[in-house]
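Engineer: Chains as they are written, first to last, in the working numbering: chain A, 663 to 905; chain B, 663 to 905.
Quick reminder that beta carbons are idealized off the backbone N, C-alpha and C, glycines included.
None of the values given here were measured: they were computed from a predicted structure.
There are 2 protein chains.
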Amino acid sequence: MSTLSGDNRIPRYIRLADSIKQQVIAGVLRPGNLVPSENELSLFYEVAPGTVRQALKELVNEGLLQRVQGKGTYVRRPDFDRSLFRFFKFLGGSDGTVVPDSKILSISVKSAPRHVCGSLSLKKNAKAIYINRLRKLENCPVLVEQIWLSEARFKPLLTLSKNEFGPLLYPIYEKKCNAIVACANEDLTIETASSKTAEALGIERNQAVVVIDRLALGFDERPLEWRRSYGRADQFHYQVDIR
Amino acid sequence: MSTLSGDNRIPRYIRLADSIKQQVIAGVLRPGNLVPSENELSLFYEVAPGTVRQALKELVNEGLLQRVQGKGTYVRRPDFDRSLFRFFKFLGGSDGTVVPDSKILSISVKSAPRHVCGSLSLKKNAKAIYINRLRKLENCPVLVEQIWLSEARFKPLLTLSKNEFGPLLYPIYEKKCNAIVACANEDLTIETASSKTAEALGIERNQAVVVIDRLALGFDERPLEWRRSYGRADQFHYQVDIR
DNA sequence: TAGTGGTCTAGACCACTGC
DNA sequence: CAGTGGTCTAGACCACTAT
Chain A
663 MSTLSGDNRI PRYIRLADSI KQQVIAGVLR PGNLVPSENE LSLFYEVAPG
713 TVRQALKELV NEGLLQRVQG KGTYVRRPDF DRSLFRFFKF LGGSDGTVVP
763 DSKILSISVK SAPRHVCGSL SLKKNAKAIY INRLRKLENC PVLVEQIWLS
813 EARFKPLLTL SKNEFGPLLY PIYEKKCNAI VACANEDLTI ETASSKTAEA
863 LGIERNQAVV VIDRLALGFD ERPLEWRRSY GRADQFHYQV DIR
Chain B
663 MSTLSGDNRI PRYIRLADSI KQQVIAGVLR PGNLVPSENE LSLFYEVAPG
713 TVRQALKELV NEGLLQRVQG KGTYVRRPDF DRSLFRFFKF LGGSDGTVVP
763 DSKILSISVK SAPRHVCGSL SLKKNAKAIY INRLRKLENC PVLVEQIWLS
813 EARFKPLLTL SKNEFGPLLY PIYEKKCNAI VACANEDLTI ETASSKTAEA
863 LGIERNQAVV VIDRLALGFD ERPLEWRRSY GRADQFHYQV DIR
C-alpha cells in the first residue's frame, strides 16, 4: 500500500499518471510490459477505481500506454513509422512501408560540432560517437545520414563491427545501450547538394536535397541522438492532416 | 426531452457525441456558439451526467469543442495557424506568426482540371471558380497560389471586387458563403520552378520550389477548396514532433 | 471461471465565471 | 449568488481474454 506523493493541490489522477510515467522513465516498467490492473493500482495508491481509469486514459492519450480489453494495460513500444523518412516515395510504387537497406560507412569518436553539443547537452567540443550511414532502396541510394551520440551513454556500440548493425538503429540502442527512444523532433529544410552529398546520392552537385535534422529523446525527454539526413528532393513527398 | 437514436449496441456517449457533431455539421451549432450545459444535455437526452461528460470529452479531444470552466462548452473555431504556410520562415527573423499580404491577381470561372474535379467532387470538366493569388512578406513575394472552388457553393465571391478580399480567405468563405473550413489535408513536394512561377516568386527558372497542395474540408468532411501553393524552397522550414 | 478493461450511473464537493 | 465545468467516489453491469 502507498499514498500518492506530491502537491495535494494537483489532481490525484495527474499525480498517479506522473507516478506511472516515472516508472517508465526509470525503466521499472519497460515497453511491452504489463502495467498493474486498475484494481491493483486503486488498492496500492488508495484511490477510487474511477480515478485510476482517468490516469490511465491520460497516459493512453499521450501514447505512453495501450489498453487491451480482457488482457490488460501495456507500456507502448513507440514505432517510428510516421517518421519523415517514410515520406520518401520512390520509383516503382513503393507503398512506403519498406525499410531501406542501411550501410554503416564509418563509426568513430570525434569532437562534436557546436550545434550537436547544444542539442545533446554535451560540453563544448566534447567527444561523441559519429556514425555515417547510407541508406538504399532497391540498390538506389536515397538517404545519407550523419548520426551523433553521447560517448558515455552509447559506448557499447563501439564494440560492434559495421555489419553487426541491422537496418534500424533504435532497436540496437535499446538492446545494447538500454536507451529507449520515446519521441523525436524533426526539422525539414531544403538545400543544394554539396559535391560530397551529391556523390553519395547519385545526383548532380547543386541539385536540391531535403535536409532532415532529428533530435531523438528518451521517455525522460533527455536527448539521446542527433542526426542529419540528406535525401533527394525530387523523390520527397510529405502529407499532413491539419486538425 | 428526447431519447438517443441509433443502434443500441453503440455506446451512448458515442451516439451522444455523434448527435452533437451532426448539429455542428448542420449549422444548428456554429463555431463560437455555446453548447447546452452538461445538466441540460443529461436531462434532454435522458442519460447520466457522467455519460454526457464522456461524450463532450470525446469531442474536445477531436478538436470540435472547447470547454471553459465556469463558462461553458463552446464550438471551436478552427485556426489555421499550424498550416504549412506558416512554416515558411523568412529573412529578417520573422517569428512565423505574421500573415503575408495577399493580392488577388485574378478571379474567374473556368473549366477545372481533372484532378481538381476529382478532389472537389465535381463532374468532369465542370466550371469552377479560379483564384490566382500572390502573397508577399515585407514586399517580397513568397507564395503564389492557385485556388479552386465549387461555383455553386461560392458564387457570392464573384460579386466582390479584388480589393474587397482581405489577407485571409477562410473568414470570407464563412461570412459570404456560409462555408466553414474545419480541417484540411496538405501534401508537400519539391519541384523546379516553371518560368512563370519563377517570375512571380522573383527567382531563377529551374530553381527548387516547394509545392503544397491543400484540400480544405467542412465539418461534414465534404471538400470545399482545393489550392496549390508555390513557395521558394530556400526559405522553407518545417518542423514536426513525432509522438 | 476468474480477471481484465469498457460502459454507465448517481451522486459529492470544489474552482471558476458572471452578475 | 447561481451556474458552469473539474475532480473524485463507489458502485453495477457488460464484453473480452485466458485457462
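Taking any Cβ of chain A, which residues in the stretch 892-905 of chain B have a Cβ under 8 Å from it, in chain order?
Structural biologist: Ala-895, Asp-896, Phe-898, His-899, Tyr-900, Gln-901, Val-902, Asp-903, Ile-904 and Arg-905
Engineer: Would Ala-878/B and Ile-865/B qualify as a contact pair, given that the criterion is a beta-carbon distance under 8 Å?
Structural biologist: The residue you call residue 878/B lines up with position 216 of the second sequence. The residue you call residue 865/B lines up with position 203 of the second sequence. Result no, Cβ atoms of Ala-878/B and Ile-865/B do not sit closer than 8 Å.
Engineer: Would you tell me roughly how many angstroms separate the C-alpha atoms of Val-697/B and Gln-716/B, rounded to the nearest one?
Structural biologist: Locating residue 697/B in the second sequence gives position 35, where the first residue counts as 1. Locating residue 716/B in the second sequence gives position 54, where the first residue counts as 1. About 15 Å.
Engineer: Cutting at 8 Å between CB atoms, please list the residues of its own chain near Ser-773/B, excluding the five before and the five after it.
Structural biologist: Counting from one through the second sequence, the residue named residue 773/B turns up at place 111. Correct list, in chain order: Asn-787, Ala-788, Lys-789 and Ala-790.
Engineer: Tell me which same chain residues have a C-beta within less than 7 Å of the C-beta of Arg-894/B, skipping the five on either side of it?
Structural biologist: Your numbering for residue 894/B matches position 232 in the second sequence. Sequence-distant partners of Arg-894/B (beyond 5 residues in either direction) whose C-beta falls short of 7 Å from its own C-beta, in its chain, are Val-804, Leu-863, Ile-865 and Val-871.
Engineer: For Glu-848/B, is the classification buried or exposed, using 16 other Cβ atoms within 10 angstroms of its Cβ as the cut-off for buried?
Structural biologist: Walking along the second sequence from the start, residue 848/B turns up at place 186. Flag for Glu-848/B reads buried.
Engineer: Counting C-beta neighbours from all protein chains within 10 Å, is the total for Ala-844/B 16 or more, i.e. buried, or is it exposed?
Structural biologist: Position 182 of the second sequence, counted from the start, is the residue given in the question as residue 844/B. Result: buried.
Engineer: For Asn-847/A, which residues in chain B fall below 9 Å Cβ to Cβ?
Structural biologist: The residue you call residue 847/A lines up with position 185 of the first sequence. In chain order: Gln-901, Val-902, Asp-903 and Ile-904.
Engineer: Find the residues of chain B that neighbour Val-804/A, judging by a C-beta separation of less than 8 Å, and give them in chain order.
Structural biologist: Mapped onto the first sequence, residue 804/A falls at position 142. Here the premise fails: no neighbours, minimum Cβ distance about 14 Å.
Engineer: Mind checking Leu-830/B: buried by the 16 CB within 10 Å criterion, or exposed?
Structural biologist: Taking the second sequence and counting its residues from 1, the one referred to as residue 830/B is at position 168. Exposed, because fewer than 16 other Cβ atoms sit within 10 Å of the Cβ of Leu-830/B.
Engineer: Measure the alpha-carbon distance for Leu-678/A versus Val-737/B and round it to whole angstroms.
Structural biologist: Here residue 678/A refers to the residue found at position 16 when the first sequence is read from its first residue. Here residue 737/B refers to the residue found at position 75 when the second sequence is read from its first residue. Going by the C-alpha atoms only, they are around 31 Å apart.
Engineer: Do we get a CB-CB distance below 8 Å when we pair Val-872/A with the residues of chain B?
Structural biologist: As a working note, residue 872/A is residue 210 in the first sequence. At least one chain B Cβ lies under 8 Å of Val-872/A.
Engineer: Using the beta-carbon count (16 or more within 10 Å), is Ser-812/A buried or exposed?
Structural biologist: As a position in the first sequence, residue 812/A is number 150, starting the count at 1. Burial call: buried.
Engineer: Given this structure, state the Cα-to-Cα distance separating Ile-904/B from Lys-837/A, to the nearest angstrom.
Structural biologist: Within the second sequence, numbered from 1, the residue matching residue 904/B stands at position 242. Within the first sequence, numbered from 1, the residue matching residue 837/A stands at position 175. Near 22 Å, if we compare the C-alpha coordinates of Lys-837/A and Ile-904/B.
Engineer: If we define contact as Cβ-Cβ less than 8 Å, is Ile-852/A a contact residue for chain B?
Structural biologist: Taking the first sequence and counting its residues from 1, one reaches residue 852/A at position 190. Answer yes: the Cβ-Cβ gap between Ile-852/A and chain B drops below 8 Å somewhere.
Engineer: What are the partner residues of Ile-834/B, as DSSP defines its beta bridges?
Structural biologist: Here residue 834/B corresponds to residue number 172 of the second sequence, with the count starting at 1. Beta-bridge partners assigned by DSSP to Ile-834/B: none are found.
Engineer: Leaving out five residues before and five after Gly-880/B in sequence, what residues of the same chain have Cβ atoms less than 8 Å from its Cβ?
Structural biologist: Stepping through the second sequence from its first residue, residue 880/B is reached at position 218. Ile-687, Ala-841, Ile-842, Val-843, Ala-844 and Leu-886.
Engineer: At what residues does the beta strand (DSSP E) containing Gly-893/B begin and finish?
Structural biologist: Position 231 of the second sequence, counted from the first residue, corresponds to residue 893/B. First-last of the beta strand (DSSP E) with Gly-893/B: 885-894.
Engineer: On the criterion of 16 or more Cβ atoms from any shown chain inside 10 Å, does Ser-699/B qualify as buried, or is it exposed?
Structural biologist: For this step, residue 699/B is matched to residue 37 along the second sequence. Label assigned to Ser-699/B: exposed.
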